[in-house]
Amino acid sequence: MSSQEAEQSWQEDVFRVLKAHDVKHVVFVPDAGHSAAIRMSYQDPDIKAVVLTTEEEGIGYLAGAWLGGERGALLMQSSGVGNCINTLALQNCAGFPLLMVVTMRGDWAEFNAWQNPMGQATEASLQLMKVMTWRADVPEDVAPLLHGAATMAFNGDSATALLLGQRLIGEKKWVK
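Position 46, counted from 1, in the sequence shown is what the numbering used here calls 44; the numbers after and before it change by one each time, with no gaps.
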């Protein structure tokens, strides 16, 4: 399998796992790392794809979806985790399922120094807010780790996050 095929495969795995777990709402701030799952969500008539103004809106949206009897997932970049810290208290107090898929920045081979502080603090910040985390750095880890995170979120009314490492996503280059 070529590196391009592997990249497309893990990106499509994200969508396939969400679909297998009966996710009906995919909420996100646009991000290239999530582009395949976003595109596939828009194409699927059984999924409501919702673009957010800011990441923390997704937590309230998914709480409402759960109250309405449906499952959802929040797709975001690690910089967006910083926006969610206070709002994660809603999940902590109310105990609804919260599944997050986070593309990492400020990680391996980052070119933008502004991404480094939150990128380096993402996992610890989530864990301080009682979010269980796992990290995928190779394509073959994405589907099983996301399946496990979804199972724990939806069967245990827990907050979970799969972090998609920059080595998995690929090195970003500054374009002039």
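Just so you know, even glycine gets a beta-carbon here, dropped at the ideal spot from N, CA and C.
Review point. Can you list, in chain order, the stretches of the beta strand (DSSP E) that have 3 or more residues and sit fully within the segment 92 to 159?
Key: 96 to 101 and 130 to 134
Exercise for review: Express the C-alpha separation of V173 and F94 in angstroms, rounding to a whole number.
Suggested key: 41 angstroms
Review point. From what residue to what residue does the alpha helix (DSSP H) around A50 run?
Key: According to the sequence as given, residue 50 is Leu; it is not Ala. From DSSP, L50 is part of no alpha helix (DSSP H); its letter is neither H nor E.
Check your understanding: How many angstroms separate the CA atom of V49 from the CA atom of V25?
Key -> 6 angstroms
Review point. Is there contact here, the segment 69 to 77 with the segment 24 to 40, by at least three beta-carbon pairs under 8 angstroms?
Key: yes
Check your understanding: Based on the DSSP secondary-structure assignment, which residues constitute the bridge partners of L60?
Key -> Partner(s): none; L60 has no beta bridge.
Review point. In this structure, does DSSP put K170 in helix, strand or coil?
Key: coil
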